[in-house]
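K.L.:
Protein chains: 2
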Amino acid sequence: MTLQLHCFGESGNSYKAALALELSGLEWQPVKVDFFAGATRSDAFREFNAMAEAPVLVDGDFQLTQSGAIQQWVTDQTGRHGGEAQDKYEVLRWVLWDNHKLSSQAGMLRFLMNFLPEEKRPAEVIAFTQGRLKAAYTTLDTHLAGRDWIMGSGITNADISCCAYLFYPEPFGFDRKDWPNIDRWLSNIEGVPGWKHPYDLMPGHPSDRG
Amino acid sequence: MTLQLHCFGESGNSYKAALALELSGLEWQPVKVDFFAGATRSDAFREFNAMAEAPVLVDGDFQLTQSGAIQQWVTDQTGRHGGEAQDKYEVLRWVLWDNHKLSSQAGMLRFLMNFLPEEKRPAEVIAFTQGRLKAAYTTLDTHLAGRDWIMGSGITNADISCCAYLFYPEPFGFDRKDWPNIDRWLSNIEGVPGWKHPYDLMPGHPSDRG
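So the sequences go chain by chain: V and R. Using the working numbering, the first residue of the first sequence is number 1, and each one after it goes up by one. Using the working numbering, the first residue of the second sequence is number 1, and each one after it goes up by one.
#1: Comparing C-alpha positions only, which one of V/99, V/188 and V/206 sits nearest to residue 171 of chain V?
#2: Evaluate the contact criterion for the segment 153-164 of chain V versus the segment 3-23 of chain V: three or more CB pairs, one atom per stretch, below 8 angstroms.
#3: Note down, in chain order, every chain R residue with its Cβ under 9 angstroms from the Cβ of residue 72 of chain V.
#4: Just how far apart, CA to CA, sit residue 140 of chain R and residue 96 of chain R?
#5: Counting only C-beta atoms, is residue 122 of chain V closer than 8 angstroms to chain R at any point?
#6: Please tell me whether residue 181 of chain R and residue 145 of chain R are closer than 8 angstroms, where the distance is taken between their beta carbons.
#7: How long is the line joining the alpha carbons of residue 112 of chain R and residue 138 of chain R, rounded to whole angstroms?
#8: Tell me whether residue 198 of chain V is buried or exposed, calling it buried when 16 or more other Cβ atoms sit within 10 Å of its Cβ.
#9: For residue 104 of chain R, return the contacting residues in chain V, with the cut-off set at a CB-CB distance below 7 angstroms.
#10: List the residues that DSSP assigns as beta-bridge partners of residue 62 of chain V.
#11: How should residue 40 of chain V be labelled, buried or exposed, when 16 other C-beta atoms within 10 angstroms of its C-beta is the threshold for buried?
#12: Return the CA-CA distance between residue 31 of chain R and residue 159 of chain V, expressed in angstroms with no decimal places.
#13: Does any residue of chain V have a CB that is nearer than 8 angstroms to the CB of residue 211 of chain R?
#14: Looking at chain R, which residues of the segment 42-56 of chain V have a Cβ within less than 8 angstroms of any of its Cβ atoms?
#15: For residue 131 of chain R, return the contacting residues in chain V, with the cut-off set at a CB-CB distance below 7 angstroms.
#16: Using the rule of at least 16 other Cβ atoms within 10 Å of the residue's Cβ for burial, across every protein chain shown, is residue 209 of chain R buried or exposed?
#17: So, does the CB of residue 143 of chain V fall closer than 8 angstroms to a CB anywhere in chain R?
#18: Between the alpha carbons of residue 54 of chain V and residue 13 of chain V, how many angstroms are there, rounded?
#19: Would you be able to state if there are at least three C-beta pairs under 8 angstroms between the segment 162-179 of chain V and the segment 105-124 of chain V?
#20: Taking only beta-carbon positions, decide if residue 68 of chain V is within less than 8 angstroms of chain R.
#21: Within its chain, find whatever has a CB closer than 6 angstroms to the CB of residue 52 of chain R; leave out the 5 residues flanking it on each side and keep chain order.
#22: Cα-Cα, which of V/123, V/186 and V/175 is closest to residue 147 of chain V?
#23: The beta strand (DSSP E) that contains residue 21 of chain R, what's its start and end?
#24: Take residue 204 of chain V and list the residues in its own chain whose beta-carbon comes closer than 7 angstroms to its own, dropping the five residues that flank it on each side.
#25: If you pair each beta-carbon of the segment 69-85 of chain V with each one of the segment 87-94 of chain R, do three or more pairs fall below 8 angstroms?
#26: Identify whether residue 31 of chain R lies in helix, strand or coil by the three-state DSSP scheme.
#27: Chain V partners of residue 128 of chain R, CB-CB under 7 angstroms?
#28: Write down the C-beta distance between residue 3 of chain V and residue 57 of chain V rounded to the nearest angstrom, noting that I regard them as a contact closer than 8 angstroms.
#29: Runs of 4 residues minimum, wholly inside the segment 123-164 of chain R: which ones carry the alpha helix (DSSP H) assignment?
#30: What are the start and end residues of the beta strand (DSSP E) that includes residue 3 of chain V?
#31: Taking just the CA atoms, how far does residue 87 of chain R sit from residue 135 of chain V?
#32: Give the straight-line distance between the Cα atoms of residue 175 of chain R and residue 15 of chain V, rounded to the nearest whole angstrom.
#33: Inspect the beta-carbon positions of residue 99 of chain V and residue 100 of chain R and report whether they are closer than 8 angstroms.
#34: Thinking C-beta only, is residue 201 of chain V closer than 8 angstroms to residue 162 of chain V?
#35: Suppose you measure from the CA of residue 59 of chain V to the CA of residue 1 of chain V; what does that come to, to the nearest Å?
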C-alpha cells in the first residue's frame, strides 16, 4: 500500500515530512487537509490526531504525526537524511532547535501576516515575533558560514526541518538576500536532485481561496 | 570524569536535561549559567554554544545542547526513559510537540510575566500566548485522560519534556488544578523515586536576585 501523507501546501511543517519522503525515494501520495475550511478543528480530525495538526503519515494501520518524528521514521526506513553516525545528536539538536525557535515562530508569524484578515492581525505580537526570529536567523546564518549543510557533507533532517518555512513567498519579514549564508544554503537545497518547492509538492495554495 | 550540565534553576529547558540525568542514575554535576547576569549573551558562551542557550551537557570533549537531544543521549547511554521499542516514535512525537507548542511558549511567557520589569511586559503578546497555551494544555489534558503517563507504563522523555515548565511556582496563567488529568500526571512524576523540583535540582533561584 502506498504511504499517504495528510498535508497541505501552505504548511511548512507538512513540507518537512513531504520533502523527506520525496527525497528518500519512498513511494508516497499526498492527501489534502483542508485546513482553511477548518478540517483540523473537526472532531473527526481530532479523533485521527489528538494534536489537531498536519502532517499525518499513514502507512496501513500505522500513523504518525509531528514532522520531526516522521522525518526520523523516513530515516529509519531508508537510511537517508540521518547524517553520519557521529552526527546523530547534532542533527537531532538542529531539528529540535528548529521546532523550538525557528519554524514554530515563522509558521505562526506567516499565518498572522498573510492568512488572517487584515483587521485581525495583532501588531504587537507580529513585531515581537519578528524580533525573536531575527535572533534565530542570526544563529542559523552564523552556523552556516563556511558550511554547505547544517551538519556534514549532504542534506540531513536538520536542513529539511530548518529550511521549510524559508521557501515560502508570502512575506513575514524574512528575505533570504539579507542572510547570505542562509541564501547560499537554500540554493544548495534547491539543487538536490528531486527537490520541489512546497507548492509543487503538496496540494493547496493560497490562490485556491480566490 | 563526572558529567557536567551547564544549567540554571529558572530554566525549564535545563530542568528537562537535569531531571533526565538525575533519574537515569548517571553521576552528574550542575554548573550554574548566570543567565540573569547576561552569561548566555557573552561572546565566550556563544563560542561554547552557537545557539546561546542553556542547557549544555559536557562529557570530556563531547558537548551537546538542546534538552531533547540531551534526553536522547541519556537514553542511549542508560536505556532509561525511551519507553518500549514500539513507542519510540510516540515518545519522540511528544518531545517535539512540547518543544513546538508547550515549552517554547510557556518558557517565554513565564519570562515575560515574571522576569521582565513590569513596565516592559508586552500585554498583547502575553494575552495571545496565553490563548495558544490553553490549546496546548487542552491537548495534553485530553491525551492524559485515563493514562498515568504520556506513553506506556512508566516515565519517558515525553513526560520529562512536557512537565518541565509546569512545576514552576511563578504565575504565567497555568494552574494545575484547572487541568485534572495534567494535575494527576504531575503527581505521578513527583512520585518517581529520586524526583526533585527544578529549584532543588539546579543552582539558581529568583530569590538570588533579591
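For each residue, glycine too, the CB sits at the ideal point set by N, CA and C.
P.N.:
Once the coordinates are examined:
#1: In the first sequence, residue 171 of chain V corresponds to position 171, counting from 1. Of the candidates V/99, V/188 and V/206, the one whose C-alpha sits nearest the C-alpha of residue 171 of chain V is V/206.
#2: yes
#3: Your numbering for residue 72 of chain V matches position 72 in the first sequence. Within chain R, the residues near residue 72 of chain V are 88, 89 and 92.
#4: Locating residue 140 of chain R in the second sequence gives position 140, counting from the first residue. Locating residue 96 of chain R in the second sequence gives position 96, counting from the first residue. Taking the straight line joining both Cα atoms gives about 13 angstroms.
#5: Taking the first sequence and counting its residues from 1, the one referred to as residue 122 of chain V is at position 122. Residue 122 of chain V counts as touching chain R.
#6: Numbered from 1 along the second sequence, position 181 holds the residue referred to as residue 181 of chain R. Numbered from 1 along the second sequence, position 145 holds the residue referred to as residue 145 of chain R. Cβ distance < 8 angstroms, so residue 181 of chain R and residue 145 of chain R count as in contact.
#7: Taking the second sequence and counting its residues from 1, one reaches residue 112 of chain R at position 112. Taking the second sequence and counting its residues from 1, one reaches residue 138 of chain R at position 138. Computed Cα separation, rounded: 22 angstroms.
#8: The residue given as residue 198 of chain V occupies position 198 in the first sequence. Label assigned to residue 198 of chain V: buried.
#9: On the second sequence, residue 104 of chain R is found 104 positions in, with the first residue counted as 1. Residues of chain V passing the Cβ test: 100 and 104.
#10: Here the question's residue 62 of chain V lines up with position 62 in the first sequence. Note: residue 62 of chain V sits in a beta bridge opposite V/59.
#11: Locating residue 40 of chain V in the first sequence gives position 40, where the first residue counts as 1. Classification of residue 40 of chain V: buried, given that the 10 Å Cβ count is 16 or more.
#12: As a first step, residue 31 of chain R must be located in the second sequence, where it is residue number 31. As a first step, residue 159 of chain V must be located in the first sequence, where it is residue number 159. Rounded to whole angstroms, residue 31 of chain R to residue 159 of chain V spans 31 angstroms at the Cα level.
#13: Because chain R here runs from 1 to 210, residue 211 of chain R falls outside it and cannot be looked at.
#14: 50, 51 and 52
#15: Walking along the second sequence from the start, residue 131 of chain R turns up at place 131. Ordered by position in chain V, no residue passes the 7 angstroms Cβ test against residue 131 of chain R, which lies about 10 angstroms from the chain.
#16: The count along the second sequence starts at 1 and reaches residue 209 of chain R at position 209. Counting Cβ neighbours within 10 Å, residue 209 of chain R comes out exposed, since fewer than 16 surround it.
#17: Translated into positions along the first sequence, residue 143 of chain V becomes position 143. Chain R contact via Cβ: present.
#18: Locating residue 54 of chain V in the first sequence gives position 54, where the first residue counts as 1. Locating residue 13 of chain V in the first sequence gives position 13, where the first residue counts as 1. Each residue's Cα considered, the two are about 7 angstroms apart.
#19: yes
#20: Here residue 68 of chain V corresponds to residue number 68 of the first sequence, with the count starting at 1. Yes - at least one Cβ of chain R is within 8 angstroms of the one on residue 68 of chain V.
#21: On the second sequence, position 52 is the one that residue 52 of chain R refers to. Around residue 52 of chain R: 40 and 46.
#22: Taking the first residue of the first sequence as 1, we reach residue 147 of chain V at position 147. Ranking V/123, V/186 and V/175 by Cα distance to residue 147 of chain V puts V/186 first.
#23: Indexing the second sequence from 1 puts residue 21 of chain R at position 21. Run containing residue 21 of chain R: none in the beta strand (DSSP E); it sits in the alpha helix (DSSP H), 12-24.
#24: Locating residue 204 of chain V in the first sequence gives position 204, where the first residue counts as 1. Once the five neighbours on either side are set aside, the close Cβ partners of residue 204 of chain V are 8, 9, 10 and 32.
#25: yes
#26: Walking along the second sequence from the start, residue 31 of chain R turns up at place 31. Residue state, collapsed to three classes: strand.
#27: For the purposes of this step, residue 128 of chain R is taken as the residue at position 128 of the second sequence. Those within 7 angstroms of residue 128 of chain R in chain V are 122 and 125.
#28: Taking the first sequence and counting its residues from 1, the one referred to as residue 3 of chain V is at position 3. Taking the first sequence and counting its residues from 1, the one referred to as residue 57 of chain V is at position 57. Going by Cβ atoms, the distance from residue 3 of chain V to residue 57 of chain V rounds to 7 angstroms, so yes, they are a contact pair.
#29: 123-144 and 157-163
#30: Reading the first sequence from its first residue, position 3 is the one you call residue 3 of chain V. Run containing residue 3 of chain V: 3-7, per the beta strand (DSSP E) assignment.
#31: As a working note, residue 135 of chain V is residue 135 in the first sequence. As a working note, residue 87 of chain R is residue 87 in the second sequence. Their backbone Cα atoms lie some 35 angstroms apart in a straight line.
#32: For the purposes of this step, residue 175 of chain R is taken as the residue at position 175 of the second sequence. For the purposes of this step, residue 15 of chain V is taken as the residue at position 15 of the first sequence. Rounded to the nearest angstrom, the two C-alpha atoms are 35 angstroms apart.
#33: Here residue 99 of chain V corresponds to residue number 99 of the first sequence, with the count starting at 1. Here residue 100 of chain R corresponds to residue number 100 of the second sequence, with the count starting at 1. Taking 8 angstroms as the Cβ cut-off, residue 99 of chain V and residue 100 of chain R qualify as a contacting pair.
#34: Along the first sequence, one-based indexing puts residue 162 of chain V at 162. Along the first sequence, one-based indexing puts residue 201 of chain V at 201. No.
#35: Sequence index remark: in the first sequence, residue 59 of chain V carries index 59 (1-based). Sequence index remark: in the first sequence, residue 1 of chain V carries index 1 (1-based). Distance between the alpha carbons of residue 59 of chain V and residue 1 of chain V: 7 angstroms.
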